[in-house]
Every structure is written in structure tokens, then in C-alpha cells.
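Colleague: Questions regarding the structure given below will be posed in turn.
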Amino acid sequence: MNEVAAAKPRVRFAPSPTGYLHVGGARTALFSWLFARHTGGTFILRIEDTDFERSSDEMVEGILEGMRWIGLDWDEGPFYQSKRLDRYRDTAGKLLGSGQAYYCFCTKEELEQRRAEATAAGRAPKYDMRCRDLNAAASAGRVASGEPAALRFAVPLEGATSWEDAVFGRLEFQNEELEDFVLLRSDGIPTYHLSVVADDLDMGMTHVIRGADHISNTPKQVLQYQALGAPLPVFAHVPLILGPDKTRLSKRHGATSVIAYKDMGIVPEAFRNFLALLGWSPGGAGKDADGKAREVFGSEELTKLFSLEGISHSNAIFDNDKLGWFNTEWIRAYSPEKLLPLIEEEWEAIHFVPSVTREEQIAAIALLRQRARSLRDFAEAFRGYFSDDFAYDPAAVAKFLKDEPVRAMVAELGARYEAASEFTEGGAEAELRAFAERNGVKAGVLINGARVAITGQAVAPSLFAVMMLLGRQRVVQRMRAAEKIAHS
RNA sequence: GGCGUCAUGGUGUAAUUGGUUAACACGCCGCCCUCUCAAGGCGGAGAGUUCGGGUUCGAUCCCCGAUGACGCUACCA
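Per the working numbering, residue 7 is the first one in the first sequence, and the count goes up by one each step.
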């Protein structure tokens, strides 16, 4: 461990607000957050908005919303790079002053043209360093007189740059493979390469946990730390998340924004649990006494188990089925009281207003959560439990409530319930079974028919439990109306 | 093209880090339960660890090569 890592960890999540929080970003944020919480360190949020063209406040809000949704709270920030421009110029000044950076007067057009020529000629499209040996004083003069110039870092011509990556081990790049990258654009705005280093240094980052797509950028940053005489943070590169076709996850694969999963009725714990296990495993620490690995982990447990060592080296494929499984597990684990506000959001989204009391809602949720796959179920298939405003699933009607005799029997049974002296779970079942026998049909036929009449669905909890939940009045009313239910 | 990284069933991951009939979870199939559907219980199919060489008494694990995938290759981040 180097001297920086020995200090209390300080880690950050540094998204660029050029889009909403996507699943890859969410996972790196989660890993950083888990690491900070595990070690008792500090988690910092920094918005890298130096690309004014593509950044927007709306995207910043979207990112914050996504982070709040999966429960990632930050201790410092959000800091905005757009408000710290002076600091980057200071750092650039140091590099220029020590001769490790130089002004470049080549225009963007010239560079593009040379790049095209080099590629056409089969050469590597690297910057040709033509401004590198310009006289420093003369260059400074040109800049002072208003000539636009970018500032480039002077990469050593020989040797190699390496670091010890916390997940990949020792990584090394030959300096000759690197080009003299731009630190400050000609409009004075820093590039990513400069601003990350300046900020990570300034904000005292001990660990830089980010996507593996940054591995190739890392030597450029290591070189700056060295040029500045600063100690290196620990770099930990996290493998990428791919779509089912093994290409980088994109809108083509469906939802890419974290909030889209919220909209699909995924519960935050489920999403976080799923994400945590994509590219990370607790190893032996996550196993039970019988040797079976558990996978359903809450926030506290993930925090306890998390370590950089458990991060995988290879890219992972996003599997919707498994996410769905985590969702059912977590919906079942939530208390009805905790589920209710989440369900209310679903209702609001479709402008549905439940007509039953809160107590009845809680009771219904307690009964239904066992078989919910998504929060959306509560606003769709389960509507009949919360209001008389629900639809009959045509397939369910066709399957169990199509025959006229059955419809008539369900209606008649409804009338019997109405006339009965009491309405209890056992009594209702006994009544139904006796009625079925007298009419020469199997009890199951009436149970299934009544279920459709009462809930509109072929799928539901045990019929008699549902009856007690809905209450005699609704049950009777819906059963008596069985003959009027439309069917084809 | 150059540079870099990675490679265990369809998917996510394990394998006391050279000694296992290669394990667990998701998914899939079947059976049980049963008033439906889930859940649950039980069982099954599915990888000999990308391929080829080496080192070793012995390689998922170490070395070399190939292949493939992915990443980077901007005055984007």
C-alpha cells in the first residue's frame, strides 16, 4: 500500500452530465460508495461538466435522481468542474513553468487533416509534436498577443509509465505509444485529462475507482502526477457491463438509464443488489455454513462484504432475468408499509385512485407481494384489490369463465353468500364445495370461475383468502355480476 | 492498423490460490404440493474451464503462441 492509500480513503464518483445516469455509471458509483462506506471513508460527488456543448443542468438533475434512487448518498459535493476553471489553469501553469507542457498553435483543422493523411499512409494518427520545440518565450509572446493556442503535455519520448492497479495488477504503457495530449484547449477550458488530475489531487482522493474504459487514459494521468511531484492515488478499474450480444450496453439493448428501471417497477434494493453482483463477488465471505453462496444482500451486508479484491477482471453481461428475480425477492422482503409508497407512485403514474382504505391496501399488499414480479403489477393485474375500477383479463375469462352454466353458478353462489348468516373463510369454502357437489361440477371449476369474476385475473392468491380480503359486499357484487362479464 | 485488457455451462460468479465426480445462483425441463399462478420441496439437462503447445507425478490455476471479445487511439469525458 502506498502512502496515499494509508490515509482515510477518499473516493469520488465523477459523472459527466452528457446523459442520464446509465447502468455502467451507476455500478461504478455503487462500487465507490460501497468502498467508502466499508472503509469508513468519504464519498465525494463531482460533476465533470467541462464539455459545455454536451452538458446540461437537466442531466445533472437526472444523475442525482438516479443516485438517490439506488440509495447512494454523498458526503461532499456535488462539485462542478465548470466552477473551478481557475484551479485547472493554475495546475496547467505549473506544468508550463516546469517545461513539462508547451503551447501548440496548430488548429483543429490542421490536426484533422494531418491525422487523415497519417491514417491514409498507414501511420499512427499521433500528434507530430511540431510545436514541442518552439521557443518557450516566443510562444508565450504569441499567446500574450492574443494568438489562440492549446497547451499540451510533453510526454517523455522514452521509457514506460506504469502503476499498480487494485484490480488488474501492474499495468504498463510505453511512453512512445502516448501522444502529447491537450491539457488546455485553445479557449482556455481544460480537457478531462487535466481536470481529473487537478481535482483528484486537490480533493485529496486516495482511490480512483472508475470504468475500465479509462485504463488507456491512466498513463496520461500518472505522468501528470509525476510531473507535479504528487503521490499517486490507488487506481481501481472496474470491468464494463455489456448487453446480451456482448457489445457495449446501449439504448439498443433497451433501458440504459437507471431511472428507466425504476419506471419498470424495479425496487431500488433489487437493482442495487443486482448491480453489485455484476463484476463483483464476495467470494467465500458470502457463503453460508453449508457452502452455498447467498446472493440476496441488503445495503448493510453489501457494505460489510465489499472489497476491491472481489472485483472481476472480465466484462459482465446484463441479464434482465436475473434482475427480475432479485426484484421478486426484494418485493417479497419489503414490508407492506414500505411497499405502499412505492406502489402509490405507480398509481399516480397512471392516474389510478384506490377506493379502499389504507388498512385494506396494506392487507392486500401483504397478500399479493408474494407473487408480484414488479411494482407495476399493483397498478395493473392487481387493480381489482384496490378499487372496483378494474378490467377483466380476456384470456382469464376465456379460460375459466366462458361457459354459461359456470357463469350462472358463480352468480348464484354469490347470492348465497349474500344470504348466508356469516361470511368466513372456512364457511365460504364449505359453501362453495357443497354447492359444487350439488350441481355436479368440480369445486375447482367454481373456484377458478369465481376468481376471475372477483379479481379479473386467472392468477391470484388463494380464493377464500381473497374473499376475506375484499369483504362480503364486493365479493357478492362481483360474483352476482358474473353473467354480465364480456367474453368472446 | 497500433496499444491495452480479458477469456469457467445460455447468464452472473465459486473453486482452500497446482490435487474437487469443476460448485452456487438466475434461466430452462420434469415431478410433488394444489383452487389458478407464483412461491416452496425434490430431481434433471447443460461447461471438462476458447484453442494449441509447454512446465509438472498432476493443471481452471504457472509459461508461450493463436483466436475471439471488449476498451483506448479527439482541443469528448
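Ideal Cβ placement from N, Cα and C applies to all residues, glycine included.
A385 and E352 look like a contact to me (Cβ under 8 Å); what is the Cβ gap, rounded to whole Å?
Modeller: Taking the first residue of the first sequence as position 1, residue 385 is located at position 379. Taking the first residue of the first sequence as position 1, residue 352 is located at position 346. Correct: roughly 4 Å between the Cβ atoms.
Colleague: Per DSSP, H243 forms a beta bridge with which residues?
Modeller: As a working mapping, residue 243 is identified with position 237 in the first sequence. Note: H243 sits in a beta bridge opposite R216.
Colleague: Thinking just about the alpha-carbon of each residue, which of M73, L40 and H44 is nearest to the one in P21?
Modeller: For this step, residue 21 is matched to residue 15 along the first sequence. Ranking the options by Cα distance to P21, first place goes to M73.
Colleague: Provide the residue(s) that pair with D205 in DSSP beta bridges, ordered along the chain.
Modeller: Counted from its first residue, the first sequence places residue 205 at position 199. Per DSSP, none; premise fails for D205.
Colleague: Any idea what DSSP makes of N8, helix, strand or coil?
Modeller: Here residue 8 refers to the residue found at position 2 of the first sequence. Unreliable placement is indicated for N8, whose pLDDT of 49 sits below 50; the coordinate value is still reported in the next sentence. Of the three classes helix, strand and coil, the one that applies to N8 here is coil, per DSSP.
Colleague: Report yes if the CB atom of R422 is closer than 8 Å to the CB atom of E435, and no otherwise.
Modeller: In the first sequence, counting from the first residue as 1, residue 422 sits at position 416. In the first sequence, counting from the first residue as 1, residue 435 sits at position 429. Contact: no.
Colleague: Can you check DSSP and say which residues form a bridge with Y108?
Modeller: By one-based count along the first sequence, residue 108 stands at place 102. BP columns for Y108 point to R158.
Colleague: Pull up the distance between the alpha-carbon of K490 and that of E410, whole angstroms please.
Modeller: Position 484 of the first sequence, counting from 1, holds the residue named residue 490. Position 404 of the first sequence, counting from 1, holds the residue named residue 410. Each residue's Cα considered, the two are about 10 Å apart.
Colleague: Sorry if obvious, but does the Cβ on S104 come closer than 7 Å to a heavy atom of the ligand SAH?
Modeller: Among the ligands in the structure shown, none appear at all, so the ligand SAH cannot be discussed.
Colleague: Taking F159 and Q230 to be in contact with their CB atoms under 8 Å, please state how far apart those CB atoms are, rounded to whole angstroms.
Modeller: The residue labelled residue 159 in the question sits at position 153 within the first sequence. The residue labelled residue 230 in the question sits at position 224 within the first sequence. F159 to Q230, Cβ: 7 Å. Contact.
Colleague: Where does the unbroken beta strand (DSSP E) through D186 begin, and where does it stop?
Modeller: In the first sequence, counting from the first residue as 1, residue 186 sits at position 180. Per DSSP, D186 belongs to no beta strand (DSSP E) and is neither H nor E.
Colleague: Look up D251 in the DSSP assignment and give the residues it is bridged to.
Modeller: Here residue 251 refers to the residue found at position 245 of the first sequence. Its beta-bridge partners do not exist; DSSP assigns none.
Colleague: Could you spell out where the beta strand (DSSP E) holding Y86 opens and where it closes?
Modeller: Taking the first residue of the first sequence as position 1, residue 86 is located at position 80. E82 to Y86 is the span of the beta strand (DSSP E), which, as asked, contains Y86.
Colleague: Which two residues bound the contiguous alpha helix (DSSP H) that contains R364?
Modeller: Counting from one through the first sequence, the residue named residue 364 turns up at place 358. First-last of the alpha helix (DSSP H) with R364: R364 to L374.
Colleague: Quick one, are the C-beta atoms of F49 and F312 less than 8 Å apart?
Modeller: As a first step, residue 49 must be located in the first sequence, where it is residue number 43. As a first step, residue 312 must be located in the first sequence, where it is residue number 306. Not in contact: F49 and F312 (Cβ atoms no closer than 8 Å).
Colleague: Our contact map puts A172 next to L314 with C-beta atoms below 8 Å; I'd like the distance itself, whole angstroms only.
Modeller: Position 166 of the first sequence, counted from the first residue, corresponds to residue 172. Position 308 of the first sequence, counted from the first residue, corresponds to residue 314. Contact holds; Cβ gap of about 5 Å.
Colleague: From what residue to what residue does the alpha helix (DSSP H) around I53 run?
Modeller: For the purposes of this step, residue 53 is taken as the residue at position 47 of the first sequence. I53 -> not in any alpha helix (DSSP H); beta strand (DSSP E) instead, spanning T48 to I53.
Colleague: I need the straight-line Cα distance from L476 to I69, nearest angstrom please.
Modeller: Within the first sequence, residue 476 is the residue found at index 470, counting from 1. Within the first sequence, residue 69 is the residue found at index 63, counting from 1. If I take the Cα positions, the gap works out to 41 Å.
Colleague: From which residue to which residue does the alpha helix (DSSP H) around V29 run?
Modeller: Stepping through the first sequence from its first residue, residue 29 is reached at position 23. Residues V29 to T45.
Colleague: Going by beta carbon distance, what residues of the same chain come within less than 7 Å of L308, once the five residues before and after it are set aside?
Modeller: Looking up residue 308 in the first sequence gives position 302. Within the same chain, L308 has close Cβ partners L40 and A282.
Colleague: With 16 as the cutoff for other CB atoms within 10 Å, does A495 come out buried or exposed?
Modeller: The structure shown has nothing for residue 495, since the chain only spans 7 to 494.
Colleague: Take T197 and list the residues in its own chain whose beta-carbon comes closer than 8 Å to its own, dropping the five residues that flank it on each side.
Modeller: For the purposes of this step, residue 197 is taken as residue 191 along the first sequence, with counting starting at 1. So the qualifying residues of the chain are T56, F187, V188, L189, L190 and R191.
Colleague: Suppose the cutoff is 7 Å on Cβ atoms and the five residues either side in sequence are ignored; what does the same chain contact list for G25 look like?
Modeller: Locating residue 25 in the first sequence gives position 19, counting from the first residue. Closer than 7 Å at Cβ, skipping near neighbours: M65.
Colleague: Give the range of the alpha helix (DSSP H) segment to which Q119 is assigned.
Modeller: The residue given as residue 119 occupies position 113 in the first sequence. K114 to A126 is the span of the alpha helix (DSSP H), which, as asked, contains Q119.
Colleague: I need the DSSP call for K293, collapsed to helix, strand or coil.
Modeller: Position 287 of the first sequence holds residue 293. Strand.
Colleague: Measuring CB to CB, does I323 end up less than 8 Å from L345?
Modeller: Within the first sequence, the letter at position 317 stands for residue 323. Within the first sequence, the letter at position 339 stands for residue 345. Not in contact: I323 and L345 (Cβ atoms no closer than 8 Å).
Colleague: Exposed or buried, P245, counting other C-beta atoms within 10 Å across all chains shown (16 or more means buried)?
Modeller: Reading the first sequence from its first residue, position 239 is the one you call residue 245. Buried, since its Cβ has 16 or more Cβ neighbours within 10 Å.
Colleague: Give the secondary structure of G77 by DSSP, where H, G and I count as helix, E and B as strand, and everything else as coil.
Modeller: As a working mapping, residue 77 is identified with position 71 in the first sequence. In the structure shown, G77 sits in coil (DSSP, three-state: anything other than H, G, I, E or B).
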